[in-house]
Amino acid sequence: MDLLEYQGKQLFARHGIPVPSGKPARTVEEAVAAADEIGYPCAVKAQVQIGGRGKLGGIKIAANKDEAREHAQAILGMDIKGLTVYEVWIEGASQIASEYYASVVFDRSAKAPLVMLSTKGGMDIEAVADEDPDAIAHLHVDALIGFQDFHGRQLAFDAGVDADVVRPIGAFLKQLYNTFVAEECLLVEVNPLIITPERTLTALDAKVTLDNNSLFRHKDNAELRDLSAEDPQEKMAHDRGLTYVKLDGNIGILGNGAGLVMSTLDVVKGAGGEPANFLDAGGGSKAEAITSAVEVILSDSKVEAVLFNIFGGITRCDEVANGLIEAFSQLNPSVPFVVRLDGTNDKEGRQILAEANLPNVYTEATMDGAAAKVVELAKAHHA
Amino acid sequence: MSILIDKNTRLVTTGITGSEGRFHTLRNRDYGTNVVAGVTPGKGGQDVDGIPVFNTIAEAVDKQGANTAMIFVPPPFAADSILEAEEAGIELIIAITEGIPAHDELRAFQVIKKNGRSRLVGPNCPGILSPDKANVGIIPATFFKPGNVGVVSRSGTLTYQVGNELALSGFGNSSIVGIGGDPVPGTDFIDVIGLFQDDPETELIVMCGEIGGDAEEKAAEFIGEHVTKPVVGYIAGFTAPPGKQMGHAGAIVSGSHGTAAAKAQALEAKGVRVGRTPTQVAQIAMEILGK
Numbered sequence: 000m001d002l003l004e005y006q007g008k009q010l011f012a013r014h015g016i017p018v019p020s021g022k023p024a025r026t027v028e029e030a031v032a033a034a035d036e037i038g039y040p041c042a043v044k045a046q047v048q049i050g051g052r053g054k055l056g057g058i059k060i061a062a063n064k065d066e067a068r069e070h071a072q073a074i075l076g077m078d079i080k081g082l083t084v085y086e087v088w089i090e091g092a093s094q095i096a097s098e099y100y101a102s103v104v105f106d107r108s109a110k111a112p113l114v115m116l117s118t119k120g121g122m123d124i125e126a127v128a129d130e131d132p133d134a135i136a137h138l139h140v141d142a143l144i145g146f147q148d149f150h151g152r153q154l155a156f157d158a159g160v161d162a163d164v165v166r167p168i169g170a171f172l173k174q175l176y177n178t179f180v181a182e183e184c185l186l187v188e189v190n191p192l193i194i195t196p197e198r199t200l201t202a203l204d205a206k207v208t209l210d211n212n213s214l215f216r217h218k219d220n221a222e223l224r225d226l227s228a229e230d231p232q233e234k235m236a237h238d239r240g241l242t243y244v245k246l247d248g249n250i251g252i253l254g255n256g257a258g259l260v261m262s263t264l265d266v267v268k269g270a271g272g273e274p275a276n277f278l279d280a281g282g283g284s285k286a287e288a289i290t291s292a293v294e295v296i297l298s299d300s301k302v303e304a305v306l307f308n309i310f311g312g313i314t315r316c317d318e319v320a321n322g323l324i325e326a327f328s329q330l331n332p333s334v335p336f337v338v339r340l341d342g343t344n345d346k347e348g349r350q351i352l353a354e355a356n357l358p359n360v361y362t363e364a365t366m367d368g369a370a371a372k373v374v375e376l377a378k379a380h381h382a
Numbered sequence: 000m001s002i003l004i005d006k007n008t009r010l011v012t013t014g015i016t017g018s019e020g021r022f023h024t025l026r027n028r029d030y031g032t033n034v035v036a037g038v039t040p041g042k043g044g045q046d047v048d049g050i051p052v053f054n055t056i057a058e059a060v061d062k063q064g065a066n067t068a069m070i071f072v073p074p075p076f077a078a079d080s081i082l083e084a085e086e087a088g089i090e091l092i093i094a095i096t097e098g099i100p101a102h103d104e105l106r107a108f109q110v111i112k113k114n115g116r117s118r119l120v121g122p123n124c125p126g127i128l129s130p131d132k133a134n135v136g137i138i139p140a141t142f143f144k145p146g147n148v149g150v151v152s153r154s155g156t157l158t159y160q161v162g163n164e165l166a167l168s169g170f171g172n173s174s175i176v177g178i179g180g181d182p183v184p185g186t187d188f189i190d191v192i193g194l195f196q197d198d199p200e201t202e203l204i205v206m207c208g209e210i211g212g213d214a215e216e217k218a219a220e221f222i223g224e225h226v227t228k229p230v231v232g233y234i235a236g237f238t239a240p241p242g243k244q245m246g247h248a249g250a251i252v253s254g255s256h257g258t259a260a261a262k263a264q265a266l267e268a269k270g271v272r273v274g275r276t277p278t279q280v281a282q283i284a285m286e287i288l289g290k
């Protein structure tokens with residue numbers, strides 16, 4: 000789960016990482032009240048998870064109350080690269096002497112947390128990495144030992160930070176690392192990390208990715224929401240514990256296991272079809288989960304045919320068949336279904352489907368055959 | 000021969016009294032796996048269809064000589080169970096549990112690596128099948144028979160799909176190993192490919208990858224340097240849109256990194272033929288082994 004800037008900053012503040020004081024607002028009135036409380040000049044910042052919002056007019060400085068109102072009116076509701084702005088973050092404007100970059104990444108390749116520091120902050124760090132890789136200091140941390148003071152000094156010297164901030168930077172990195180561990184993040188990134196003219200440090204931006212699998216231990220984080228990123232179907236699926244990604248086509252896809260579903264999308268596309276979604280019903284799906292999944296797929300009005308591709312391991316095909324039957328009795332779908340069942344209890348599953356004799360449901364023996372059939376049916380339904 | 004599990008496997012299941020743990024353990028035993036124990040804290044002294052249950056893994060090792068553990072406990076407790084198995088001296092730990100917190104997984108991995116006495120396969124994997132010898136995990140074994148093709152995969156159900164295509168073309172398997180789709184797999188492609196390279200029975204290696212990360216690229220490098228047996232690849236997610244996480248924690252294309260096309264290219268550069276569909280994988284296998 001990716002946090003909005005202000006959610007990340009509030010999380011940082013809880014762990015003692017210096018951030019500008021600020022308040023989130025969802026209406027113009029809230030924004031003006033927040034600006035009055037924080038004082039002028041202040042920044043009005045669009046809360047969307049997309050780079051380059053400043054250049055697109057999503058960040059403005061307000062010198063007084065009228066400007067705060069004007070900027071909040073302009074930014075709330077604006078569209079930034081396809082995302083609607085539902086919230087702004089009002090914070091005190093900062094004085095900047097230097098802009099640095101700091102991050103901790105869950106490095107899957109090295110199987111260790113990776114801490115990075117650069118004096119070239121304020122710009123796209125991937126561009127810095129391409130043009131001047133030596134400008135970024137790297138350090139992998141032994142997760143069993145954690146981030147030590149000497150790690151901080153080493154990174155600060157390697158990155159070539161100003162001599163007077165070597166120790167403060169080291170302390171900042173340690174706090175950032177400890178936040179990464181305490182909140183079970185996959186990424187914490189501060190760009191820019193600014194040095195003020197008074198030589199203090201402030202995290203002027205915050206990018207935080209949380210591990211969804213750990214949210215059961217972090218109830219506060221689990222409740223955070225990003226309204227701009229919530230597609231209605233994706234939200235519905237999320238609420239039901241399903242993994243769903245909306246795509247642009249007209250063929251609804253349901254499978255079990257991420258790899259098989261991805262493979263199904265490829266094969267459907269190869270057969271000339273356009274998938275409407277990725278939906279992994281997960282391992283061990285029970286009948287209710289299948290019924291629920293069908294409801295999510297059909298809530299996308301573009302869907303003109305649905306493909307079930309199941310190869311049961313932990314998932315039992317009889318449960319899938321019963322879920323489909325229940326879905327038909329509850330939802331009475333008007334589009335055709337193609338069902339391919341293999342694996343655990345597949346004979347029972349096929350038997351249940353044959354006995355139910357559902358209207359407009361076609362069974363196929365192979366994945367390739369099922370893909371060809373669903374593409375044909377989608378075309379016929381569209382015609 | 001086979002790799003990792005065979006007739007010498009003595010299995011203990013943690014979480015054996017849960018409905019899934021029980022169901023799949025009994026299926027594994029029906030297949031012929033030597034299941035010697037189960038563990039559920041507080042239920043020591045009971046049995047599951049004749050399989051003795053202990054309170055700790057150490058007891059299962061001590062009293063029943065367990066050498067392989069199958070982890071079936073829910074995600075909040077799974078890393079703890081992996082570490083318990085490691086400390087009890089279990090040689091091979093196969094973690095089926097899906098949804099373990101990434102930081103838990105990282106710590107467990109680092110402990111296992113540091114101590115160097117156990118191998119972890121998974122988490123979030125379907126397990127291992129060595130046809131006619133042993134099945135540990137949730138792979139539906141009836142589709143597979145003994146043979147000379149070794150299969151290694153990041154995705155469970157995709158393993159069954161590709162394995163089934165191979166079976167329909169008449170191939171059997173030395174072993175089928177699911178390494179799982181999590182951020183910190185205990186065992187990587189290169190580990191398993193190395194084992195297949197050294198296994199006299201394996202004549203062809205099939206590896207099934209997916210978008211995200213760089214495990215396939217690392218495998219390509221390894222194959223170029225160390226593998227003399229033919230390898231056939233498959234990558235899921237050619238049509239996956241960038242920036243969308245496709246189910247597995249690891250499966251995401253970010254920018255130009257982690258795409259299926261880049262992975263296929265890296266493998267093909269080292270002489271690995273990559274099928275574009277599971278059916279094509281079987282066709283390529285037939286061409287190589289001349290069936």
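Line by line, the protein sequences are chains X and G. Just so it is clear: in the first sequence, position 24 is 23 by numbering that gives the first Met the number 0, and no numbers are missing. Just so it is clear: in the second sequence, position 100 is 99 by numbering that gives the first Met the number 0, and no numbers are missing. We treat Cβ as the ideally placed atom computed from N, Cα and C, and that holds for glycine.
Residues bridged to residue i (per DSSP)
i                 : result
Arg311 of chain G : Since the first residue shown for chain G is 0 and the last is 290, residue 311 of chain G is missing from the structure and cannot be characterised.
Phe142 of chain G : Phe142 of chain G is not bridged to any residue.
Cys316 of chain X : Answer by DSSP bridge pairing: none, since Cys316 of chain X is not bridged.
Ser117 of chain X : X:Tyr100 and X:Ile135
Val148 of chain G : G:Asn172 and G:Leu203
Gly342 of chain X : X:Gly311
His380 of chain X : Partner(s): none; His380 of chain X has no beta bridge.
Met69 of chain G  : G:Thr12 and G:Ile93
Pro335 of chain X : Per DSSP, none; premise fails for Pro335 of chain X.
Leu186 of chain X : X:Val104 and X:Thr208
Lys44 of chain X  : X:Ile58 and X:Trp88
Asn220 of chain X : The partner list for Asn220 of chain X (beta bridge, DSSP) is empty, contrary to what the question assumes.
The ligand GDP heavy atom lying under 6 angstroms from the CB of residue i
i                 : result
Ile175 of chain G : Among the components modelled here there is no ligand, and therefore nothing to report on the ligand GDP.
DSSP state of residue i mapped onto helix, strand, coil
i                 : result
His139 of chain X : strand
Ser93 of chain X  : coil
Ile287 of chain G : helix
Thr39 of chain G  : coil
Ser129 of chain G : strand
Ile111 of chain G : helix
Pro229 of chain G : coil
Gly208 of chain G : strand
Ala292 of chain X : helix
Thr242 of chain X : strand
Lys22 of chain X  : strand
Asn163 of chain G : helix
Thr362 of chain X : strand
Thr24 of chain G  : helix
Residue i: contacting residues in chain X (beta-carbon distance under 7 angstroms)
i                 : result
Ala235 of chain G : Gly258, Met261, Ser262 and Asp265
Met245 of chain G : Val244, Ala257, Met261 and Phe277
Cutoff 7 angstroms: residue i Cβ touching any chain B Cβ
i                 : result
Met206 of chain G : Annotation note: the requested chain B is absent from the structure, which comprises protein chains X and G.
Where residue i meets chain X, residues with beta-carbon distance less than 8 angstroms
i                 : result
Ser173 of chain G : Ordered by position in chain X, no residue passes the 8 angstroms Cβ test against Ser173 of chain G, which lies about 20 angstroms from the chain.
Lys62 of chain G  : Those within 8 angstroms of Lys62 of chain G in chain X number zero; the least Cβ separation is about 29 angstroms.
Neighbour list for residue i in chain G, Cβ cutoff strictly below 7 angstroms
i                 : result
Gly342 of chain X : Pro139 and Tyr159
Ala142 of chain X : Leu105, Arg106 and Gln109
Cross-chain neighbours of residue i in chain G, by beta carbon under 8 angstroms
i                 : result
Gly269 of chain X : Arg275 and Thr276
Flag this pair as touching only if the segment 233 to 245 of chain X and the segment 289 to 299 of chain X have three or more C-beta atom pairs under 8 angstroms; answer yes or no. yes
Answer yes if the segment 35 to 47 of chain X comes into contact with the segment 76 to 91 of chain X, meaning at least three C-beta pairs across the two stretches below 8 angstroms, and no otherwise. yes
Count the C-beta pairs between the segment 53 to 64 of chain X and the segment 7 to 19 of chain X that are closer than 8 angstroms, then say yes if the count reaches three, no if not. no
May I ask you to verify whether the segment 328 to 335 of chain X touches the segment 312 to 320 of chain X, counting CB pairs closer than 8 angstroms and requiring at least 3? no
So does the segment 156 to 173 of chain G actually touch the segment 265 to 272 of chain X, counting three or more Cβ pairs closer than 8 angstroms? no
Touch check for the segment 362 to 380 of chain X and the segment 98 to 105 of chain G: three-plus C-beta pairs under 8 angstroms? no
Check whether the segment 204 to 214 of chain G and the segment 237 to 249 of chain X are in contact - that is, three or more C-beta pairs closer than 8 angstroms. no
Are the segment 191 to 200 of chain G and the segment 128 to 144 of chain G touching by the rule of at least three beta carbon pairs closer than 8 angstroms? no
Give, in chain order, every residue of the segment 90 to 108 of chain X whose Cβ lies closer than 7 angstroms to some Cβ of chain G. Phe105, Arg107 and Ser108
Name, going along the chain, the residues of the segment 206 to 223 of chain X whose beta-carbon falls closer than 7 angstroms to a beta-carbon of chain G. Asp210, Asn212, Ser213 and Phe215
Taking a cut of 7 angstroms between CB atoms, which residues from the segment 358 to 371 of chain X lie near chain G? Met366 and Asp367
Closer than 8 angstroms is the cut-off here; do at least three beta carbon pairs connect the segment 121 to 131 of chain X with the segment 78 to 89 of chain X? no
Taking a cut of 7 angstroms between CB atoms, which residues from the segment 304 to 337 of chain X lie near chain G? Phe310, Gly311, Gly312 and Ile313
Assess, as a yes-or-no matter, whether the segment 57 to 69 of chain G is touched by the segment 89 to 100 of chain G under the definition of 3 or more beta carbon pairs within less than 8 angstroms. yes
How do the segment 247 to 265 of chain X and the segment 207 to 225 of chain X stand: do at least 3 beta-carbon pairs fall below 8 angstroms, yes or no? no
Do the segment 99 to 112 of chain X and the segment 188 to 200 of chain X make contact, defined as three or more Cβ pairs closer than 8 angstroms? yes
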